[in-house]
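Taken in order, the sequence shown gives residues 52 to 554; the numbers are from my numbering.
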Amino acid sequence: MDYGHELVFGTFLTPAVDNPGRVIALAQLTEQVGLDLVTFQDHPYQPRLLDAWTLLSVVVAQTQRVKVATNVANLPLRHPVVLARSVAALDLISGGRVELGLGAGGFLEAVAANAGPRLTAGQSITALEEAIAIMREVWTPSGGGIRVEGKHYTVSGAKRGPQPAHDVEIWLGAYKPRMLAVTGRLADGWLPSAGHAGPDELAPMNKIIDDAAVEAGRDPASVRRLYNVSGQFTGRGGFLQGPEELWIEQLAELTLSEGMSTYILGSDNPDDIRRFAEVAAGVREAVDAGRRGGSPAVAAPVVEGRFTVVPTPPPAVRRSAVQLLDESDRPTGPALDPERTYTPYQLSSGQHLIDVHDHLRAELEQIRDLVEQVAAGSLGVGQARSHINTMTMRQNNWTLGTYCESYCRLVTTHHSLEDASLFPQLRRADPALVPVVDRLQEEHRVIHDVLEGVDKALVALVDGSGDIDGLRAAVDLLDDTLLSHLSYEERELVEPLARLGVI
Numbered sequence: 052m053d054y055g056h057e058l059v060f061g062t063f064l065t066p067a068v069d070n071p072g073r074v075i076a077l078a079q080l081t082e083q084v085g086l087d088l089v090t091f092q093d094h095p096y097q098p099r100l101l102d103a104w105t106l107l108s109v110v111v112a113q114t115q116r117v118k119v120a121t122n123v124a125n126l127p128l129r130h131p132v133v134l135a136r137s138v139a140a141l142d143l144i145s146g147g148r149v150e151l152g153l154g155a156g157g158f159l160e161a162v163a164a165n166a167g168p169r170l171t172a173g174q175s176i177t178a179l180e181e182a183i184a185i186m187r188e189v190w191t192p193s194g195g196g197i198r199v200e201g202k203h204y205t206v207s208g209a210k211r212g213p214q215p216a217h218d219v220e221i222w223l224g225a226y227k228p229r230m231l232a233v234t235g236r237l238a239d240g241w242l243p244s245a246g247h248a249g250p251d252e253l254a255p256m257n258k259i260i261d262d263a264a265v266e267a268g269r270d271p272a273s274v275r276r277l278y279n280v281s282g283q284f285t286g287r288g289g290f291l292q293g294p295e296e297l298w299i300e301q302l303a304e305l306t307l308s309e310g311m312s313t314y315i316l317g318s319d320n321p322d323d324i325r326r327f328a329e330v331a332a333g334v335r336e337a338v339d340a341g342r343r344g345g346s347p348a349v350a351a352p353v354v355e356g357r358f359t360v361v362p363t364p365p366p367a368v369r370r371s372a373v374q375l376l377d378e379s380d381r382p383t384g385p386a387l388d389p390e391r392t393y394t395p396y397q398l399s400s401g402q403h404l405i406d407v408h409d410h411l412r413a414e415l416e417q418i419r420d421l422v423e424q425v426a427a428g429s430l431g432v433g434q435a436r437s438h439i440n441t442m443t444m445r446q447n448n449w450t451l452g453t454y455c456e457s458y459c460r461l462v463t464t465h466h467s468l469e470d471a472s473l474f475p476q477l478r479r480a481d482p483a484l485v486p487v488v489d490r491l492q493e494e495h496r497v498i499h500d501v502l503e504g505v506d507k508a509l510v511a512l513v514d515g516s517g518d519i520d521g522l523r524a525a526v527d528l529l530d531d532t533l534l535s536h537l538s539y540e541e542r543e544l545v546e547p548l549a550r551l552g553v554i
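See the structure below:
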């Protein structure tokens, strides 16, 4: 049965404690390729995994659009009142980008070993039902103090709030009849994994959810059906074991026949994530056709071709008399193999680096425009200038200052992510790139010093110890240095990014 839900696609990433930068980069890649959702497992008793809520907070700070969720939160080690307020706070901070995957706590001995309650499986489900009621009360803005008398949780007059930015959905990880029935009665979504509930097992499990929903006076369609999936894009045979066309066909069929509508890929492979974005587009097209009453669209085969990504050339005009980067002895990586072919997914990796750099270039042009606007406003300023004009000039300076400071942080963040995640991967994947990567990191340090110079010139302009010419000179030096570096980085990395499948 197709419940008619909007299709959503996301990732289920491993929150490995030994490489946090890579985890964040994969979350950003999820957004960059057009997917909708980033999720993480929550096992507070496992020291090899990053804390889920800390990680989700960083992800929403480092992204703009993608939603985040636990997959699923470990309730016994997260008190429902505190968890509800954590969810609401992050939802408010992110502008409504948080959902809650929730579980009863499958590893009961590990929970008890980490100061959690020692519950049986049945008791943990009862505790889950109580917790859902408590959390919804916390999120309800009116009604006086919260009072819940349960077997496992007692809340006596707790204050309500904060209210989330949007109606946060609670998705339950459930497999057995009692938990499935709880999902139908109380939850907004069902979140199983294909490894524990294969495609042929979904129909009877969906029926339990639907029957429980109807018995509780709910529309079964009010429960979203999510699915953690994994597979391979090579070979053919079995569920999600083959090329993109097979994935599209199988996932579209699951939507139209079983009502699954949110597909979450369990993979830490950047190339798989890029391919899954292409699968998502194909599934949407096929499901749209099926819902209109036509035949699901047949996915076109992926065609490989030559390397077509064009790096940005270095600037033709230099603005500063100072040159900080020695462009004559920059190392060069392996030459492009003219016979090699690349898939569209591989090409998109190299193109993404250029797109990020183009954003930095556009922002730099805006800074230059702001400097010139302030310079034009400064002409003719004298002692007789009115107080209003003086205040306007100060406001212009502070507006420029805010923008320059934001840009400096943007560039620094971009370089920090490259240093922490991208560059180590490139070194491991192709030793011939080590000299190039080392030089790029050296140039990052030079650019950091140039950014410091812009900041100092800006402070001097605002406090009156400097002038617009000093700021203009600092921006000119940044312009020459940064644009030269971005061009060099693209020249050396766009092809390896496509060839090696790293972020």
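Cβ atoms here follow ideal geometry from the backbone N, Cα and C, with glycine treated the same way.
Check	Outcome
Distance between residue 89 and residue 244 (C-alpha atoms, nearest Å)	15 Å
Distance, residue 371 Cα to residue 383 Cα	26 Å
Touching by the beta-carbon criterion (3+ pairs, under 8 Å), the region 294-309 and the region 241-255	yes
DSSP state of residue 361 mapped onto helix, strand, coil	coil
Assigned exposure category for residue 152 - 16 Cβ within 10 Å defines buried	buried
For residue 155, the three-state DSSP class (helix, strand or coil)	coil
Sufficient close CB pairs (3 or more, under 8 Å) joining the region 327-344 to the region 293-302	yes
Euclidean distance between Cα positions of residue 558 and residue 61	With the chain running from 52 to 554 in the structure shown, residue 558 is simply not present.
Segment contact flag, the region 224-244 with the region 198-216, C-beta cutoff 8 Å, min 3 pairs	no
Between the CA atoms of residue 202 and residue 67 - distance to the nearest angstrom	36 Å
Which of helix, strand or coil DSSP assigns to residue 292	strand
Where residue 273 sits in the DSSP three-state scheme	helix
Under 9 Å between C-beta atoms of residue 127 and residue 101	no
Alpha helix (DSSP H) segment containing residue 139, residue limits	131-145
Where residue 376 falls: helix, strand or coil (DSSP)	coil
Under 9 Å between C-beta atoms of residue 389 and residue 535	no
9 Å Cβ cutoff met for residue 56 and residue 198	no
Contained beta strand (DSSP E) runs [length at least 3] in the region 175-244, N- to C-terminal order	197-200, 205-209 and 221-223
Residues sharing a beta bridge with residue 119, DSSP	89 and 149
DSSP bridge partner residues for residue 257 (one or two, in chain order)	Answer is none; residue 257 lacks a bridge partner.
Given residue 183 as reference, the closest of 239, 406 and 215 once Cα atoms are compared	239
Residue 333 - partner residues in DSSP beta bridges	DSSP lists no partner for residue 333.
Residue closest to residue 548, alpha-carbon to alpha-carbon, out of 517, 137, 211 and 387	387
Beta-carbon gap between residue 403 and residue 363 smaller than 9 Å	no
Close beta carbons around residue 525, own chain, < 6 Å, minus the five adjacent residues each side	504, 505 and 508
Straight-line Cα distance separating residue 543 from residue 483	11 Å
Proximity winner among 63, 156, 218 and 161, relative to residue 98 (alpha-carbon distances)	161
Whether residue 269 touches residue 235 by CB criterion (9 Å)	yes
Through-space distance from residue 172 to residue 106, alpha-carbon basis	28 Å
Chain-order list of residues whose beta-carbon lies under 7 Å from that of residue 165 (same chain, five-residue window excluded)	95, 96 and 128
Where residue 492 falls, given that 16 or more other Cβ within 10 Å makes a residue buried	exposed
With 16 other Cβ atoms within 10 Å as the buried cut-off, status of residue 154	buried
contact_flag[the region 211-222, the region 255-273] where n(CB pairs < 8 Å) is 3 or more	no
Segment limits, alpha helix (DSSP H) that includes residue 393	Looking at the DSSP string, residue 393 is not in any alpha helix (DSSP H), and its letter there is neither H nor E.
For residue 97, the three-state DSSP class (helix, strand or coil)	coil
Same chain only: Cβ atoms within 8 Å of residue 324, ignoring 5 sequence neighbours per side	62, 77, 80, 81, 84, 86, 316 and 318
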